[in-house]
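S.K.: Chain order of the listed sequences is P and E. First residue of the first sequence? That's 1 in the UniProt record's numbering, and the numbers climb one at a time after it. First residue of the second sequence? That's 1 in the UniProt record's numbering, and the numbers climb one at a time after it. Cβ atoms here follow ideal geometry from the backbone N, Cα and C, with glycine treated the same way.
Number of protein chains: 2
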Amino acid sequence: MPKRVDHRERRKLIADALMRVAAEHGLEAVSLRHVATEAGVSSGMVQHYFRTKDEMMTFALSVVHERSEARVTRAVGALGDAPSPRTLLRTMLVELLPLDESRRADGRVALAFLAYTAVRPTVAAALHQETAGLVAFVAGQIRLAQETGTADRRIDPERAAAGLLAIMEGLGVYVLGGHYSPETALTALDAQLDLVFGPDEPGE
Amino acid sequence: MPKRVDHRERRKLIADALMRVAAEHGLEAVSLRHVATEAGVSSGMVQHYFRTKDEMMTFALSVVHERSEARVTRAVGALGDAPSPRTLLRTMLVELLPLDESRRADGRVALAFLAYTAVRPTVAAALHQETAGLVAFVAGQIRLAQETGTADRRIDPERAAAGLLAIMEGLGVYVLGGHYSPETALTALDAQLDLVFGPDEPGE
DNA sequence: CCGGTTACGTTGCAACTGCAATGTAAAAGT
DNA sequence: ACTTTTACATTGCAGTTGCAACGTAACCGG
């Protein structure tokens with residue numbers, strides 16, 4: 001075994017550069033050479049770690065999701081032991097909104113990939129499970145809140161969960177596009193939580 | 001004045017071709033030549049009607065919006081004289097959802113443009129007004145429903161409107177990505193309308 | 001010390017890109 | 001009839017693209 005290098009680390013280095021390029025100029029500006037120079041390496045090296053551009057894109061897409069997942073688990077973990085379902089969901093959804101510059105950058109990349117995968121159905125397949133898992137989790141939290149009497153029992157948890165995630169996504173898109181201000185998005189999100197859980201409970 | 005041609009018509013012809021290309025292969029596949037062959041014309045003609053690619057893109061973007069606007073006004077117009085705010089809003093939002101193939105194609109293009117404009121803030125400026133107008137309209141309908149007692153008065157119309165539009169956008173994105181089925185999106189939308197207007201009233 | 005494997009860097013190429021330039025045909029004004 | 005303006009089509013060009021090919025240097029088991 002000659003010249004041992006951490007393969008995953010290099011790939012992440014390159015993927016990070018890709019995301020920087022994509023966040024600033026859009027996915028269509030992502031080329032092997034452009035990413036390479038942004039990463040400060042030769043384009044040959046990029047080719048060494050990704051045999052094709054599509055392989056690189058797919059990997060970068062997975063990194064985007066790992067990142068936001070890590071963000072969410074960290075924020076939720078900081079909540080303490082047994083947060084209320086509403087607090088937990090709010091924390092989670094807020095963390096997925098592009099409210100500061102770092103999350104805006106990630107969001108731009110995610111949005112670009114969204115459009116990208118919409119045309120390449122094979123790449124999108126992996127995401128379906130993820131979304132389905134998210135919906136199930138949110139629905140579970142809503143159901144939990146219903147059982148403990150902190151949410152309206154007439155609401156169907158699955159539909160409310162699908163709606164909550166959709167509203168988060170839509171708010172994110174509008175914030176990225178500059179149509180909504182971060183404040184508008186936050187109040188809209190809280191209004192939605194009010195609708196599901198009833199008003200009153202402290203937000204954060 | 002020699003050889004009179006309907007300028008706008010030609011431009012729309014080209015823009016239609018652009019949208020077909022974008023819907024099938026994504027915006028990054030849109031090039032002068034590609035659009036030209038799709039439209040069945042020479043690339044020189046495309047250049048004649050759009051001096052720059054960006055001009056072509058901007059025009060296509062405006063066509064996308066005109067199209068969906070026309071779709072909405074047609075559907076709403078078919079409702080008859082004085083539809084209830086809920087029926088009106090539902091009709092409008094449903095029309096903006098990518099539920100059939102033709103709307104899916106439009107939606108893919110719109111999504112691509114969303115990512116496109118997120119990196120080119122100058123192009124997005126025009127859209128802000130449009131969204132703001134939409135929010136105001138929806139809020140007005142909600143307020144109207146509140147006054148006639150067909151909607152919960154404790155709800156803030158502006159926030160509910162922002163939420164309603166965001167959920168529509170999010171549902172659209174998820175349906176396009178294949179994460180939600182059209183049925184899921186529809187029931188989620190109706191659930192949301194239930195939350196705002198209260199249950200019971202006939203859906204359509 | 002040596003063959004082999006890995007990790008790159010460099011070069012090259014065919015295809016494509018946006019766009020400018022040039023050419024041509026036709027219709028309208030004079 | 002002649003000029004001008006419009007409506008295209010063709011060609012060309014410099015730059016960029018993804019990718020293959022080749023070269024080389026380092027490292028390691030033998």
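Are the C-beta atoms of Ile-142(P) and some chain E residue less than 8 angstroms apart?
M.R.: Residue numbering aside, residue 142(P) sits at position 142 when the first sequence is read from its first letter. By this cut-off, Ile-142(P) is not an interface position.
S.K.: Flag Val-21(P) as yes if its beta-carbon sits less than 8 angstroms from any beta-carbon of chain E, otherwise no.
M.R.: In the first sequence, counting from the first residue as 1, residue 21(P) sits at position 21. No, Val-21(P) does not count as interfacial toward chain E.
S.K.: Taking the beta carbon of Ala-160(P) as the centre, do at least 16 other beta carbons fall within 10 Å, making it buried, or is it exposed?
M.R.: For the purposes of this step, residue 160(P) is taken as the residue at position 160 of the first sequence. Buried, since its Cβ has 16 or more Cβ neighbours within 10 Å.
S.K.: Quick one: which chain P residues come within Cβ less than 7 angstroms of residue 239(E)?
M.R.: There is no way to answer for residue 239(E), as the model of chain E reaches only from 1 to 204.
S.K.: Distance, Cα to Cα, Thr-187(E) vs Ser-62(E)?
M.R.: Taking the first residue of the second sequence as 1, we reach residue 187(E) at position 187. Taking the first residue of the second sequence as 1, we reach residue 62(E) at position 62. About 30 angstroms.
S.K.: Within 8 angstroms of any Cβ in chain P, is that where the Cβ of His-7(E) sits?
M.R.: Walking along the second sequence from the start, residue 7(E) turns up at place 7. Cβ-Cβ to chain P under 8 angstroms: no for His-7(E).
S.K.: Is there contact here, the region 71-86 of chain E with the region 138-147 of chain E, by at least three beta-carbon pairs under 8 angstroms?
M.R.: Segments in contact, yes.
S.K.: When DSSP labels each residue in this structure, what does Leu-134(E) get in the three-state scheme?
M.R.: Indexing the second sequence from 1 puts residue 134(E) at position 134. In the structure shown, Leu-134(E) sits in a helix (DSSP, three-state: H, G or I).
S.K.: Could you pull the start and end residues of the alpha helix (DSSP H) that Ser-43(P) belongs to?
M.R.: Within the first sequence, the letter at position 43 stands for residue 43(P). Per DSSP, Ser-43(P) belongs to the alpha helix (DSSP H) from 43-49.
S.K.: Let me know the alpha helix (DSSP H) ranges lying completely inside the UniProt domain "HTH tetR-type" (8-68) of chain E, each 4 residues or longer, listed in chain order.
M.R.: Those alpha helix (DSSP H) runs which fall completely within the UniProt domain "HTH tetR-type" (8-68) of chain E and span 4+ residues are 32-39 and 43-49.
S.K.: Please list, in chain order, the chain P residues whose beta carbon lies closer than 9 angstroms to that of Asp-156(E).
M.R.: As a working mapping, residue 156(E) is identified with position 156 in the second sequence. Chain P residues near Asp-156(E): Thr-187 and Ala-191.
S.K.: CA-CA distance, Gln-47(P) and Leu-111(P)?
M.R.: Locating residue 47(P) in the first sequence gives position 47, where the first residue counts as 1. Locating residue 111(P) in the first sequence gives position 111, where the first residue counts as 1. Going by the C-alpha atoms only, they are around 25 angstroms apart.
S.K.: So, helix, strand or coil for Tyr-174(E), using DSSP?
M.R.: Here residue 174(E) corresponds to residue number 174 of the second sequence, with the count starting at 1. Helix at Tyr-174(E).
S.K.: Would you report the Cα separation of Met-45(P) and Pro-98(E), rounded to the nearest angstrom?
M.R.: Taking the first sequence and counting its residues from 1, the one referred to as residue 45(P) is at position 45. Taking the second sequence and counting its residues from 1, the one referred to as residue 98(E) is at position 98. When rounded, the distance between both Cα atoms is 41 angstroms.
S.K.: Would you mind telling me which residues of chain E sit closer than 7 angstroms to Leu-171(P), beta carbon to beta carbon, in chain order?
M.R.: Against the first sequence, residue 171(P) aligns to sequence position 171. By Cβ distance, chain E contributes Ala-166.
S.K.: So for Thr-184(E), helix, strand or coil by DSSP?
M.R.: Taking the first residue of the second sequence as 1, we reach residue 184(E) at position 184. Helix at Thr-184(E).
S.K.: Can you say whether Val-119(P) is buried or exposed, counting buried as having 16 or more other CB atoms within 10 angstroms of its CB?
M.R.: Here residue 119(P) refers to the residue found at position 119 when the first sequence is read from its first residue. Result: buried.
S.K.: Using DSSP with H/G/I as helix, E/B as strand and the rest coil, what is Pro-121(E)?
M.R.: One-based indexing of the second sequence puts residue 121(E) at position 121. Here Pro-121(E) sits in helix by DSSP.
S.K.: Compute the Euclidean distance between the alpha carbons of Arg-153(E) and Gln-146(E), then round it to the nearest angstrom.
M.R.: Within the second sequence, the letter at position 153 stands for residue 153(E). Within the second sequence, the letter at position 146 stands for residue 146(E). When rounded, the distance between both Cα atoms is 5 angstroms.
S.K.: Tell me the rounded alpha-carbon separation between Gly-178(E) and His-128(P).
M.R.: In the second sequence, the residue the question calls residue 178(E) occupies position 178. In the first sequence, the residue the question calls residue 128(P) occupies position 128. C-alpha separation (whole angstroms): 7 angstroms.
S.K.: Counting C-beta neighbours from all protein chains within 10 Å, is the total for Ala-132(E) 16 or more, i.e. buried, or is it exposed?
M.R.: Here residue 132(E) refers to the residue found at position 132 of the second sequence. Flag for Ala-132(E) reads exposed.
S.K.: Starting from the beta carbon of Gly-133(E), find every residue of chain P whose beta carbon is closer than 7 angstroms, and list them in chain order.
M.R.: Position 133 of the second sequence, counted from the first residue, corresponds to residue 133(E). Near Gly-133(E) there are no residues of chain P at all, since even the closest Cβ is about 11 angstroms away, more than 7 angstroms.
S.K.: CB-CB under 7 angstroms to Leu-165(E), same chain, minus the five flanking residues each way: which ones, in chain order?
M.R.: As a first step, residue 165(E) is located in the second sequence; it is residue number 165 there, counting from the start. Taken in chain order, the residues that qualify are Leu-134, Val-135 and Val-138.
S.K.: Closer than 8 angstroms by beta-carbon distance: list the chain P residues that pair up with Gly-80(E), in chain order.
M.R.: What you label residue 80(E) is simply residue 80 of the second sequence in a count that begins at 1. Per Cβ cutoff of 8 angstroms: no residues; Gly-80(E) is ~29 angstroms from chain P at best.
S.K.: Which residue comes first and which comes last in the alpha helix (DSSP H) that contains Thr-87(E)?
M.R.: Position 87 of the second sequence, counting from 1, holds the residue named residue 87(E). First-last of the alpha helix (DSSP H) with Thr-87(E): 85-96.
S.K.: Quick check on DSSP: helix, strand or coil for Pro-157(E)?
M.R.: Counting from 1 along the second sequence, the entry for residue 157(E) is found at position 157. Looking at Pro-157(E) - three-state DSSP - the assignment turns out to be helix.
S.K.: In chain order, what residues of the same chain have a beta carbon less than 6 angstroms from the beta carbon of Arg-10(E), not counting five sequence neighbours either side?
M.R.: Counting from 1 along the second sequence, the entry for residue 10(E) is found at position 10. Once the five neighbours on either side are set aside, the close Cβ partners of Arg-10(E) are Tyr-49.
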